[in-house]
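Quick note: the sequence shown uses numbering that gives the first Met the number 0, first residue 0, plus one each step. This report refers to the structure that appears directly beneath it.
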Amino acid sequence: MKMREKSRENHSGSQALAGHRKALFLTILALAWPTLLEQMLQTLVQYIDAAMVGRIGAEATATVGMSTSVTWLVNGPLFAMGIGFMAFISREMGAEAFENVKRASVQAVIVTVVTGIGVGVLTLAVSPILPTWMGVDPAIKKDASLYFAIICLPMLFRSAIIIFGALLRAVGDTKTPMYVNVCMNLVNIVLNYLFIYDTRMIKIGGASVKMFGFGYGAVGAGIGTAVSFVVGGIFMTIALYKNRYVSPAGCEIRPEREIMEPCIRVGFPVAMERMATCLGHVVFASLVTGLGTVAFAAHSIALTVEQAFYIPGYGMQAAAATLAGNAIGAKDQKRLHELTRMLIVIILVIMTVSGALLFFMAPQLLQLFTKESDVIALGTVVLRMVAVSEPLFGVLIILEGIFNGVGDTVKPFYYALFSMWCVRVLGTFFCVKVFHLGLYAVWGCMIANNVCLGSLFILRYLRGGWNPLNKEKSRK
Numbered sequence: 000m001k002m003r004e005k006s007r008e009n010h011s012g013s014q015a016l017a018g019h020r021k022a023l024f025l026t027i028l029a030l031a032w033p034t035l036l037e038q039m040l041q042t043l044v045q046y047i048d049a050a051m052v053g054r055i056g057a058e059a060t061a062t063v064g065m066s067t068s069v070t071w072l073v074n075g076p077l078f079a080m081g082i083g084f085m086a087f088i089s090r091e092m093g094a095e096a097f098e099n100v101k102r103a104s105v106q107a108v109i110v111t112v113v114t115g116i117g118v119g120v121l122t123l124a125v126s127p128i129l130p131t132w133m134g135v136d137p138a139i140k141k142d143a144s145l146y147f148a149i150i151c152l153p154m155l156f157r158s159a160i161i162i163f164g165a166l167l168r169a170v171g172d173t174k175t176p177m178y179v180n181v182c183m184n185l186v187n188i189v190l191n192y193l194f195i196y197d198t199r200m201i202k203i204g205g206a207s208v209k210m211f212g213f214g215y216g217a218v219g220a221g222i223g224t225a226v227s228f229v230v231g232g233i234f235m236t237i238a239l240y241k242n243r244y245v246s247p248a249g250c251e252i253r254p255e256r257e258i259m260e261p262c263i264r265v266g267f268p269v270a271m272e273r274m275a276t277c278l279g280h281v282v283f284a285s286l287v288t289g290l291g292t293v294a295f296a297a298h299s300i301a302l303t304v305e306q307a308f309y310i311p312g313y314g315m316q317a318a319a320a321t322l323a324g325n326a327i328g329a330k331d332q333k334r335l336h337e338l339t340r341m342l343i344v345i346i347l348v349i350m351t352v353s354g355a356l357l358f359f360m361a362p363q364l365l366q367l368f369t370k371e372s373d374v375i376a377l378g379t380v381v382l383r384m385v386a387v388s389e390p391l392f393g394v395l396i397i398l399e400g401i402f403n404g405v406g407d408t409v410k411p412f413y414y415a416l417f418s419m420w421c422v423r424v425l426g427t428f429f430c431v432k433v434f435h436l437g438l439y440a441v442w443g444c445m446i447a448n449n450v451c452l453g454s455l456f457i458l459r460y461l462r463g464g465w466n467p468l469n470k471e472k473s474r475k
């Protein structure tokens with residue numbers, strides 16, 4: 000009888016555990032899918048941009064490609080501030096301190112305006128000399144400079160998209176940023192058709208229709224992107240003011256040290272990490288430009304293709320940060336460990352599948368962006384190289400989200416700094432400048448960087464030093 004009762008209890012316990020895990024999985028899914036879809040749509044638009052520009056030729060692709068790494072650098076401080084506020088707000092939401100959530104939103108408005116204007120002025124100032132710094136082909140210097148200036152002109156709106164979007168995700172609203180980005184991307188696509196190509200005849204069904212166009216080429220793509228940023232920034236600001244948790248409506252817009260300090264304390268190392276690693280990307284890209292226009296075009300297109308295959312990681316990263324912050328705010332150690340383990344298992348499965356797809360579909364994907372056989376051949380090999388490391392890269396992305404969500408940003412900054420500059424940049428410098436190797440060696444250094452950083456993140460996760468609740472427990 001006792002054995003039967005014990006068996007019944009074990010069965011009930013197993014059912015309860017299964018139900019708890021299912022609920023946790025559904026929570027992760029509910030937060031992750033809008034961001035995942037948003038990332039997919041953004042990447043689709045980048046695919047369309049690259050394909051439309053790629054039809055003009057390798058020079059146009061290189062013109063747009065020059066700004067890619069620099070854009071990561073420019074966005075670094077904006078994303079960092081978004082992460083700082085996300086960590087603070089998600090923790091306060093977990094503790095149900097809703098007044099502090101609203102106060103943090105007011106501080107975020109101040110930071111958005113200051114960073115948006117400051118970064119905008121700085122990028123416009125450097126745009127004339129940036130192509131020279133990047134070592135691009137003299138034939139595309141003028142267009143490359145103009146393209147970069149145009150996409151940086153609406154920096155205040157870009158700041159609003161990034162920081163206000165982070166605030167909305169921190170309170171569990173991942174759908175609104177998705178809707179805003181869908182609208183922004185549709186505007187981008189329509190304007191690209193208008194500004195990139197000359198007036199031409201297109202076939203719709205059996206009829207020929209005259210399609211008006213300005214014929215600005217790569218610069219036209221920049222105009223479309225800039226206008227879409229303005230649209231996205233306006234809509235994201237409206238969404239912020241409509242959200243009941245983070246709306247600053249009716250609040251006095253003034254700095255509050257008590258709120259600003261912890262947000263900056265988390266965000267500052269992320270800003271330094273983003274700037275250091277993105278500066279590394281810029282140096283890395285400048286080394287690749289020295290390999291010639293074909294190699295740089297293959298490199299730029301391959302990076303664009305690869306983005307689609309780590310979307311699941313970045314799609315789940317915001318959910319990881321929000322849920323980890325909530326668990327810390329609620330001081331729920333058990334929930335924190337359960338959700339981190341579940342996130343890692345999910346991303347490993349997904350990224351293994353996406354890596355396999357990237358490996359086998361590399362040539363077909365590259366053909367979407369260019370018809371030049373030498374670019375496709377070069378790009379196919381490097382994509383198949385990086386496909387093998389996709390599962391580890393996925394774990395790296397999720398752990399970064401968890402660390403950001405709990406406010407652990409200092410050690411990850413040191414890890415990123417080391418792996419970027421000592422592994423990727425230094426390795427690429429020796430491969431290109433000393434040993435005169437080609438694009439394969441360059442991508443080998445890029446993969447080595449991801450493996451190094453992923454290994455360091457995993458080691459930190461296993462040791463537990465990232466978890467504030469462990470530190471509180473040891474003090475007691």
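Glycine included, every Cβ here is placed at the ideal spot set by N, Cα and C.
- Task: Please list, in chain order, all residues of the same chain as L452 whose beta carbon is under 7 Å from its beta carbon, the five residues on each side excluded.
- Result: Within the sequence shown, the letter at position 453 stands for residue 452. For L452, where only same-chain residues beyond five positions count, the Cβ hits under 7 Å are L395, Y414, A415, S418.
- Task: Label G289 either buried or exposed according to how many other C-beta atoms from any shown protein chain fall within 10 Å of its C-beta, with 16 as the threshold for buried.
- Result: If you number the sequence shown from 1, residue 289 lands on position 290. With fewer than 16 other Cβ atoms within 10 Å, it is exposed.
- Look up D197 in the DSSP assignment and give the residues it is bridged to. For this step, residue 197 is matched to residue 198 along the sequence shown. In DSSP, D197 forms a bridge with F213.
- Rounded to a whole number of angstroms, what is the C-alpha to C-alpha distance between T60 and L382? Taking the sequence shown and counting its residues from 1, one reaches residue 60 at position 61. Taking the sequence shown and counting its residues from 1, one reaches residue 382 at position 383. Going from the Cα of T60 to the Cα of L382 covers about 18 Å.
- Supposed close pair F358, A386 - CB separation, criterion 8 Å: Start at 1 with the first residue of the sequence shown, and residue 358 comes out as number 359. Start at 1 with the first residue of the sequence shown, and residue 386 comes out as number 387. That belief holds up - the Cβ atoms of F358 and A386 are roughly 4 Å apart, short of 8 Å.
- From what residue to what residue does the alpha helix (DSSP H) around C262 run? The count along the sequence shown starts at 1 and reaches residue 262 at position 263. Its alpha helix (DSSP H) spans residues 256 to 288.
- If you draw a straight line from the C-alpha of I109 to the C-alpha of R168, how long is it? Along the sequence shown, read from residue 1 onward, the residue named residue 109 stands at position 110. Along the sequence shown, read from residue 1 onward, the residue named residue 168 stands at position 169. Rounded to the nearest angstrom, the two C-alpha atoms are 19 Å apart.
- Query: Beta carbon of I484, beta carbon of N403: below 8 Å?
  - Reply: Outside the modelled stretch of the chain, which goes from 0 to 475, sits residue 484, for which no answer is possible.
- Task: Answer with buried or exposed for G214, where buried requires no fewer than 16 other C-beta atoms within 10 angstroms of its C-beta.
- Result: As a position in the sequence shown, residue 214 is number 215, starting the count at 1. Answer is exposed; the Cβ neighbour count stays below 16.
- Following the continuous alpha helix (DSSP H) through Q366, name the residue where it begins and the one where it ends. Along the sequence shown, read from residue 1 onward, the residue named residue 366 stands at position 367. From DSSP, Q366 is part of no alpha helix (DSSP H); its letter is neither H nor E.
- Task: Determine the extent of the alpha helix (DSSP H) in which G404 is found, giving its start and end residues.
- Result: One-based indexing of the sequence shown puts residue 404 at position 405. From DSSP, the alpha helix (DSSP H) with G404 extends over 389 to 404.
- Just curious, the alpha helix (DSSP H) that M419 is in, first and last residue? Position 420 of the sequence shown holds residue 419. Per DSSP, M419 belongs to no alpha helix (DSSP H) and is neither H nor E.
- Task: Within 10 angstroms of the Cβ of P435, are there 16 or more other Cβ atoms? Answer buried if so, exposed if not.
- Result: Counted from its first residue, the sequence shown places residue 435 at position 436. Looking at the sequence shown, residue 435 is not Pro but His. Per the 10 Å Cβ criterion, exposed.
- Query: Can you tell which of L458, G115, I401, L398 has the C-alpha that lies nearest to the C-alpha of P153?
  - Reply: Within the sequence shown, the letter at position 154 stands for residue 153. Ranking the options by Cα distance to P153, first place goes to G115.
- Query: If we count Cβ pairs, one from each stretch, closer than 8 Å, do we get three or more for the segment 361 to 375 versus the segment 331 to 350?
  - Reply: no
- Task: Just confirm the distance between the C-beta atoms of G481 and L35, as a whole number of angstroms; I'd bet it's less than 8 Å.
- Result: The question about residue 481 has no answer, for the chain in this structure spans 0 to 475.
- Message: I need the boundaries of the alpha helix (DSSP H) containing F449, first residue and last residue.
- Response: Against the sequence shown, residue 449 aligns to sequence position 450. For the record, residue 449 in the displayed sequence is Asn; it is not Phe. Taken as a continuous stretch (DSSP letters only), the alpha helix (DSSP H) holding N449 covers 438 to 462.
- Item | Rounded separation between M51 and P254 - CA only | If you number the sequence shown from 1, residue 51 lands on position 52. If you number the sequence shown from 1, residue 254 lands on position 255. Taking the straight line from one Cα to the other gives about 45 Å.
- Query: Excluding the five sequence neighbours on either side, which residues of its own chain have a C-beta within less than 6 Å of the C-beta of D197, listed in chain order?
  - Reply: One-based indexing of the sequence shown puts residue 197 at position 198. If we look at D197 and ignore the five residues flanking it on each side, its Cβ neighbours are G212, G214.
- With DSSP run on the structure shown, which of helix, strand or coil describes L152? For the purposes of this step, residue 152 is taken as residue 153 along the sequence shown, with counting starting at 1. Of the three classes helix, strand and coil, the one that applies to L152 here is coil, per DSSP.
- Item | Distance, I397 Cα to I343 Cα | Against the sequence shown, residue 343 aligns to sequence position 344. Against the sequence shown, residue 397 aligns to sequence position 398. Their Cα atoms are separated by approximately 7 Å.
- Message: On a Cα-Cα basis, can you pick out the residue from A22, K21, P33 that is closest to A318?
- Response: Working through the sequence shown from its first residue, we reach residue 318 at position 319. Ranking A22, K21, P33 by Cα distance to A318 puts P33 first.
- For Y460, count neighbouring Cβ atoms within 10 angstroms of its own Cβ and tell me buried if that reaches 16, exposed if not. Along the sequence shown, one-based indexing puts residue 460 at 461. Result: buried.
- Helix, strand or coil for D407 per DSSP? Against the sequence shown, residue 407 aligns to sequence position 408. Coil at D407, not helix or strand.
- What is the residue span of the alpha helix (DSSP H) that I116 lies within? For the purposes of this step, residue 116 is taken as residue 117 along the sequence shown, with counting starting at 1. Run containing I116: 97 to 125, per the alpha helix (DSSP H) assignment.
- Please go through the same chain and pick out, in chain order, the residues whose beta-carbon is closer than 6 Å to the beta-carbon of A217, but skip the five residues on each side of it. As a working mapping, residue 217 is identified with position 218 in the sequence shown. V52, A59, T62, V63, D142, Y146.
- Item | Proximity test, N448 beta-carbon vs the ligand NAD heavy atom, cut-off 7 Å | No copy of the ligand NAD appears in this structure; indeed no ligand is present at all.
- Query: Are there 16 or more other CB atoms within 10 angstroms of the CB of Q479, so buried, or fewer, so exposed?
  - Reply: Outside the shown range of the chain (0 to 475) lies residue 479, about which nothing can therefore be said.
- Query: What's the C-alpha gap between E95 and N469?
  - Reply: In the sequence shown, the residue the question calls residue 95 occupies position 96. In the sequence shown, the residue the question calls residue 469 occupies position 470. So the two alpha carbons sit approximately 21 Å from each other.
- Message: Quick check on the DSSP output: the alpha helix (DSSP H) that includes A319 runs from which residue to which?
- Response: Indexing the sequence shown from 1 puts residue 319 at position 320. Unbroken alpha helix (DSSP H) run through A319: 310 to 328.
- Message: Quick check: what's the CA-CA separation for L30 versus S66?
- Response: Here residue 30 refers to the residue found at position 31 when the sequence shown is read from its first residue. Here residue 66 refers to the residue found at position 67 when the sequence shown is read from its first residue. One C-alpha to the other measures close to 31 Å.
- Message: Checking 8 Å against the spacing of the C-beta atoms, do N325 and F392 come in under that value?
- Response: Here residue 325 refers to the residue found at position 326 when the sequence shown is read from its first residue. Here residue 392 refers to the residue found at position 393 when the sequence shown is read from its first residue. Cβ atoms of N325 and F392: not closer than 8 Å.
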